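In terms of our numbering, the sequence shown opens at residue 105 and continues consecutively.
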Amino acid sequence: MNGTQWIIFFFVIQVIHGLATWKLYIKAGRQAWEAFVPVYNAVILMKIIRRPWWWTILLFLPIVNLIMFPVVWVETARSFGKNSNLDTFLAIITLGFYNFYLNYAAKDVIYIEDRSLMPRTGAGDWVSSILFAVVAATIVHTYFIQPFVIPSSSLEKSLLVGDFLFVSKFHYGARVPMTTVALPMVHDSIPLTKQKSYLFSDKYENRKTSLLNKLQLPYLRIPGFEKIERNEIVVFNQPADTLLDMNDFTPDRNYYKPIDKKTNLVKRCVGIAGDSLELRDGVVYINGKRNVLPERAKLQFFYNIKTTMPINNFRSKYGITEDRGYETYSISNEYWDNPEVKQALEQNANVDLIEISRDSLNTQVAGALTQTVFNRLKMSIAETKYMANMTEELAAQVAKDPAIELVEKDISKSSGTRLFPHDSEYNFTSDNFGPIYIPEAGKTIKLDINVLPLYKRVISEYEDNKVTTRGNQILINDQVATSYTFKQNYYWMMGDNRQNSIDSRYWGFVPFDHVVGKPVMVWMSWDSNASGINKIRWNRLFTTVHGDGKPVSLLIPVLLLIGGLIGYNKFKKRKQKA
């Protein structure tokens, strides 16, 4: 629904509430008209049910209100003597319409002004505590701080797989949930299932007509205190996400998702609204100048390496975490051509070698091999075909190693429609891309048939216009257009792991309404490849994400703070007992 439709819906609800409760208001010593005045009626209702006035605010917070409305329905019934389990069940199952029965038909409705607010059973106490713990956690999660875990290596060396982040919602301004009916603190699916955690029709053709989709709120963001700056790390919703599971790129079918339920990603914002961006050999240039990354950013590329050093030795020596390659081995022709040796190799299930080349003395082979066979046949490593993901600084260090013959950056030379803007007329590659203008709110560009592929998705999908073509003419909402003025800011998000990152080069601009927040701290870091206590990366605990210099762990100050709070609480309790 749009803004006008939501306002109409809001007033209809107020009328229904008034009709369902005005007699109850009178029984509680209030005036009938108070049941009909929007917002004010909720404040008065809180007084009637003896609950704090700020519960009214909770009734208007999306997702939180899904918990609060049933609580208020039950509390209203109990304020008029309806305390049985059946009354509680009817208040909830009728979605509050049980109030109509109390208001008009029930004969024994008496307002209990001094009723006890304490739960009558231990189970009731537990339910009450859990409900309000969920409410508090949902408010924090939605409007202040959201936990997030790094799922992929696209920011490797800057942020690691297994880093657990605190993401601030208030830096850029918290986005009010657009999906109004969903499980609290759960993203797009229910844990351990493939079921959606929200009500929404995932069929693209029904996105504007489905009654479920009418429950969506228009985009609204609480003002933040800073803007996204170039080179900041940002968490956002993947704009082109139509996958039920982002780890399955060949699903049975695609799904249309509301903005706030698209997959959360974290990348570096290398280009902001109004920038002209270009990639040259994988390096970003902004407005014609090379982009200077902050000290903590660790840009990585794949390098082709020629060496006789065993792959495992090279990997451990230089701390390589992403690589691919194979070794070729040299064996004397005397052994390779020996029929008995050939038969023994064929019968060994752990050996599978193919011939690559040979000269008068030796044969070069490749494939599966055991160390025992390697030693027994007096084989040697002929050459290592190897590609390693490294920073430029590490590549320069590797090049000085006497065992290294060649270190050469691997630059993609192939273009394709997988890359944005998915048009064969644009011969962009993943390492040489652009230049491209990043849209800025209020700025106007000239439109023609050649530039349209770059901005068609922005104009149609993100800014909700109908875009068609007729010959060389562009029509926006059936009107011929030669220019377009953008309605919001857009950003260009990329991974520091430049050649192992699916980012804006593949799906284009990120609208501001897709921005979730700013990562501010790594509170936990887990290395699944380590063992025992070493699985925890202790030096990364409670380190800030942004800032100058190397990250410094705040673990000790945090532990001292927690210890101080625990000690203060114990001291306070002892003093109260005394």
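Beta carbons are placed, not taken as given, at the ideal position from N, Cα and C, and that holds for glycine.
Values in this document were obtained by computation on a predicted structure and should not be read as measured data.
Can you tell me which of the three DSSP states residue i falls into?
i	result
T589	strand
P661	helix
D267	strand
T198	coil
D229	helix
L523	coil
M413	coil
F204	helix
G328	coil
R462	strand
R428	strand
A139	helix
T367	coil
F115	helix
N601	strand
A278	coil
P443	helix
Y610	helix
D505	coil
V455	coil
G107	helix
F252	strand
L383	strand
M61	Residue 61 lies beyond the residue range present for the chain, which begins at 105 and ends at 682; the question has no answer from this structure.
T467	strand
K622	strand
G247	It is Tyr, not Gly, that sits at residue 247 in the sequence shown. Helix, per DSSP.
R311	coil
E487	strand
Less than 7 Å between C-beta atoms, sequence neighbours within five positions excluded: which residues of the same chain meet that for residue i?
i	result
A507	T411, T412 and M413
G429	I415, T488, K489, Y490 and M491
T242	I167, V168, P288 and M289
N466	S434, I435, S436 and N437
I485	T412, P414, E431 and Y433
K560	V571
Whose C-alpha, out of the options, is nearest the C-alpha of residue i?
i	options	result
H245	V168, I196 and S293	V168
L165	Q475, L321, T297 and A132	L321
F537	I254, R602 and K318	R602
N317	L264, T283 and I117	T283
S220	D463, L523, R154 and I254	R154
I214	Y323, A132, R419 and I337	A132
Y323	L128, P362 and N145	P362
L170	N391, L303 and K365	L303
K261	V619, Q501, I515 and T495	T495
S188	P223, K517 and A500	P223
Q501	V477, S461 and G423	G423
To the nearest whole angstrom, what separates the beta carbons of residue i and residue j, a pair I think is in contact under 8 Å?
i	j	result
L259	G575	Actually they are not in contact, since the Cβ atoms of L259 and G575 sit about 45 Å apart, beyond 8 Å.
V571	S564	4 Å
L315	N408	At roughly 56 Å, the Cβ-Cβ gap does not stay under 8 Å, so L315 and N408 are not in contact.
A286	I326	With 8 Å as the limit, A286 and I326 do not qualify as a contact, their Cβ atoms being about 19 Å apart.
F268	S657	Between S657 and F268 the Cβ distance is about 14 Å, and since that is not below 8 Å, they are no contact.
P557	E382	Not a contact, Cβ separation roughly 17 Å.
Y672	P615	That belief does not hold up - the Cβ atoms of Y672 and P615 are roughly 46 Å apart, past 8 Å.
F532	S519	6 Å
Within its chain, find whatever has a CB closer than 6 Å to the CB of residue i; leave out the 5 residues flanking it on each side and keep chain order.
i	result
F140	G122
V178	T192 and A195
P142	Q118
L457	V469 and G471
I342	According to the sequence provided, residue 342 is Gln. The question's Ile does not apply to it. Here the set comprises K366, T367 and L369.
L263	I254
D607	K371, M597, M598 and G599
K513	F405 and Y407
If you drop the 5 nearest sequence neighbours on each side, which residues of the same chain put their C-beta closer than 8 Å to that of residue i?
i	result
P398	N335, H650 and D652
A209	none
A585	L551, I578 and L579
L163	A146, N169, M172, F173 and V176
Y144	E138
D364	R279, P281, M282, T283 and N341
Any heavy atom of the ligand SAH closer than 7 Å to the Cβ of residue i?
i	result
R480	What this structure holds is no ligand at all, so the ligand SAH is not there to describe.
Problem set entry | Cβ contact check for the stretch 118 to 126 and the stretch 202 to 221: 3 or more pairs under 8 Å | Segments in contact, yes.
Exercise. Using 8 Å as the threshold, is the stretch 271 to 279 in touch with the stretch 611 to 624, meaning 3 or more CB pairs across them?
Worked result: Between the stretch 271 to 279 and the stretch 611 to 624 there are three or more C-beta pairs closer than 8 Å, enough to call the two in contact.
Exercise. Touching or not, the stretch 366 to 384 and the stretch 254 to 268, by the rule of three or more beta carbon pairs under 8 Å?
Worked result: Touching, yes, given that three or more Cβ pairs across the two stretches are closer than 8 Å.
Exercise. Is it a yes or a no for the stretch 542 to 552 touching the stretch 584 to 599, going by three-plus beta-carbon pairs under 8 Å?
Worked result: The stretch 542 to 552 is in contact with the stretch 584 to 599.
For this session: Could you tell me whether the stretch 174 to 188 touches the stretch 291 to 300, using the rule of 3 or more Cβ pairs below 8 Å?
Result: With a cut-off of 8 Å, the stretch 291 to 300 and the stretch 174 to 188 do not count as touching, because too few Cβ pairs lie within range.
Exercise. Given 8 Å as the limit, is there contact between the stretch 384 to 402 and the stretch 417 to 424, that is, 3 or more CB pairs closer than that?
Worked result: Put simply, the stretch 384 to 402 does not touch the stretch 417 to 424. Fewer than three CB pairs are less than 8 Å apart.
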